[in-house]
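Residue numbers (the numbering used here), protein chains in the order written: chain A, 2 to 192; chain B, 2 to 192; chain C, 2 to 192; chain D, 2 to 192. Each residue gets a CB set at the ideal place from its N, CA and C atoms; glycine is no exception. Report on the following structure.
What follows is the structure, given as structure tokens:
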């Protein structure tokens, strides 16, 4: 087994700020990154990038060249990570995520980020359809919009579990199972 | 606007039989096909095809070369339709669906079939991410497994509506809006 | 190493007939198939499939549902093979070839068929870019059009060799290196 | 018709320097960019980006984060252009080039850059297979390796012409045909 950690849309353009809705999840994602480092597993930040030519109706805070594309300070630095932009909703949308995972020999992806009903759901589906084993980190994902009804997160993880046959685990259980610290000098990421 | 109708997994291998769970939906999908013909819109049957080499855990009733791949009798004949196999869950999975729609100049897809929490959901997401306008036919889709909890269909269509910004319409409304009969001699499908 | 054999466009629609231009290559491709079977390697026939809706200028002998799509009699039967349609020029064009190879764990592709300046060239490039090791069978490929200038085959194989870093080998050498007969009972294809 | 200009691998990592082999082509590509601006056509710089995890045998001057990825000074600034990285040889390799062209409504691509036997050839093939009209700028492309035999450029453009049915035009003819200056205030790029 060779796992990688995919962190979705934890970028400035999504408004993660101390005190903002759902901000407490950021600390858990930070723990996830540290656990991945300790285990020698590759971390990939994947977030949206829009171009002015995209011909989309809504205004975007994730335009190419804008600050919105930067990983939030709490998850910096990113010098050991891989940064990939997705062009639409899924982490695999019109980019090199599959190619990059494949050339590294990754067979398992641990998915964190927001929102569960959006990018997490589509990324889990695409990862599964590209035949990676999928693990979604239950408490490192959320529905990052207050307008969604209660139970939206659980509804999406239920689909992920029953349809995609993916594991949905809390952070601690996922670390124990997939990100056990590797012995010194045995980085798993470089395979 | 140039719509096409995508009918997902209405194949023998999925066990659609008079009296079987959800069978009453078949008559509505039949009406949808007839409406598409009357409107001159292309119908595409898209269903799963597995190969013995796929290395999947579960047994499949949709193996290449098997009867399971045939469109169910109620939706025959298919001589005016396009038949495309999807290799995994989404209608766009590792096949020529996007290419075929694109070369026809299709800009809008009307999606029917089962299950709402599975292929309908992923197909809607991929169609949206490939920038087709997406319309899901509410009463021509269902969760085709009795083990799913009540509300599963509604949970999925809520995501389709709120996240994918797609329309979710009952058959009659969709026909009125997207499949109005074309004047004689003006097939829209051949564009 | 787990090789598979890809045979491109050896279908009725391309006019392979006793006495026709280049027909002598068919016997060598037959030998290749037999060698693959003896070695337990998977054979994949990949050829073009066009749809009436494709909006292409030229008339096609490879329309969906037509006889042109059948593998030529000399390479029948195909019951142990996988048959995949490519939608345009490359063997990987808008289909499940990559997915199918990947799920089988194939890492090396041996390419035969015609024409060297067309589908062979693009298939080799796509296989290389999807990170398969590429071997092109020099005397099992040809430029299957008499109007091409002399040296066209060699020009294409030179690009395949120098740019794609692929091996270009005659059939006998390729069999010796990649398709050595497997001991009885040890089919490699089913891995 | 809505053309875009694709400039391949004119990046620092490829060693374009005054006096270097083939450097005189740079001035013509500069003219091409200016003509595209005058015509209101979008310019896209597309060049290679490798990651340390790519597991490729050769050393790369095009690593993510390195100076090699910068467009050469002669073709700066790039503030009106779109910059896209290709992950391997073709300009369409594992990235958002097709998506970006498609969302802009581009139907015609004018291709320049190097090398003709490598990225130009594969990019032309992929553009054609994604059904763009392809125009290759004969004197804005070259084989950017002195070790290739004479006639390599012509061999590749012959394939582009005869197999891909693409136009191969010198810069002046291409400007006259596809990049005629648009009237003031009528940018074509923003469509």
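- The beta-carbon separation of residue 116 of chain C and residue 146 of chain C, rounded to 6 Å, stays under the 8 Å limit for a contact.
- Look at the segment 91-122 of chain A: the residues with a C-beta under 7 Å from a C-beta of chain D are 95, 96, 97, 100, 101, 104 and 105.
- The alpha-carbon of residue 61 of chain C is positioned some 39 Å away from that of residue 182 of chain D.
- At a beta-carbon threshold of 8 Å, none of the residues of chain B lie near residue 169 of chain A; the nearest stands roughly 15 Å away.
- Counting along the chain, no beta strand (DSSP E) covers residue 98 of chain D; the unbroken alpha helix (DSSP H) around it starts and ends at 98-105.
- Taking each of B:51, B:73, B:113 and B:94 in turn and checking the Cα distance to residue 8 of chain B, the smallest one comes out for B:113.
- Judged by DSSP secondary structure, residue 139 of chain B falls within the beta strand (DSSP E) whose first and last residues are 134-143.
- 83 and 88: these are the residues of the segment 72-91 of chain B whose beta carbon lies less than 7 Å from some beta carbon of chain C, given in chain order.
- Contact with chain D is absent for residue 131 of chain A, since none of that chain's Cβ atoms lies less than 8 Å from the residue's Cβ.
- Residue 43 of chain B carries a strand assignment under DSSP once its states are collapsed to helix, strand and coil.
- Scanning the segment 12-66 of chain C from its first residue to its last, the whole beta strand (DSSP E) runs of 3-plus residues come out as 43-49.
- By the Cβ criterion, the segment 18-25 of chain D is not in contact with the segment 64-75 of chain C, since fewer than three pairs of Cβ atoms, one from each stretch, lie closer than 8 Å.
- By the criterion of a C-beta distance shorter than 6 Å, residue 84 of chain C is surrounded in its chain by 46, once the five residues flanking it on both sides are discounted.
- Taking 8 Å as the CB threshold, residue 14 of chain A stays off the interface with chain B.
- Per the Cβ contact rule, the segment 117-134 of chain C is in contact with the segment 89-104 of chain C (3 or more Cβ pairs under 8 Å).
- Taking C-alpha positions only, residue 86 of chain C is separated from residue 11 of chain C by approximately 12 Å.
- The C-beta of residue 39 of chain B has fewer than 16 other C-beta atoms within 10 Å across all chains shown, which makes the residue exposed.
- Taking all protein chains shown into account, residue 78 of chain C has fewer than 16 neighbouring C-beta atoms within 10 Å of its C-beta and is therefore exposed.
- Taking 8 Å as the cut-off, the Cβ atoms of residue 3 of chain A and residue 107 of chain A count as close.
- Within the segment 50-67 of chain A, 52, 54, 55 and 56 place their CB atoms closer than 7 Å to a CB of chain D, listed in sequence order.
- At least one CB atom of chain A sits nearer than 8 Å to the CB of residue 160 of chain B.
- Straight-line measurement puts the Cα of residue 110 of chain A at about 6 Å from the Cα of residue 6 of chain A.
- The DSSP-derived three-state label of residue 89 of chain A is coil.
- For residue 156 of chain C, the neighbours in chain D by C-beta distance under 7 Å run, in chain order, 156.
- Contact between residue 54 of chain A and residue 101 of chain D holds, with the beta-carbon distance rounding to 7 Å and staying under 8 Å.
- One thing to note: residue 161 of chain D has its Cβ no nearer than 8 Å to the Cβ of residue 144 of chain D.
- Secondary structure at residue 79 of chain C: coil, using DSSP grouped into helix, strand and coil.
- Looking at the DSSP output, residue 84 of chain A bridges to A:46.
- Against chain C, the beta carbon of residue 164 of chain D has neighbours under 7 Å at 118 and 119, listed in chain order.
- Distance from the CA of residue 153 of chain A to the CA of residue 118 of chain B, rounded to the nearest whole angstrom, comes to 14 Å.
- For the pair residue 175 of chain C and residue 129 of chain C, the CB atoms are not nearer than the 8 Å cut-off.
- At a C-beta separation below 8 Å, residue 37 of chain D has no neighbours in chain C, since its nearest C-beta there lies roughly 27 Å away.
- Per DSSP, reduced to three states, the secondary structure at residue 8 of chain B is strand.
- In the same chain as residue 165 of chain C, and ignoring 5 residues on each side of it, the C-beta atoms closer than 7 Å to its own belong to 125, 126, 129 and 135, in chain order.
- As DSSP reads the structure, residue 110 of chain C sits in a beta bridge with C:5 and C:135.
- For residue 155 of chain C, the uninterrupted alpha helix (DSSP H) segment begins and ends at 153-163.
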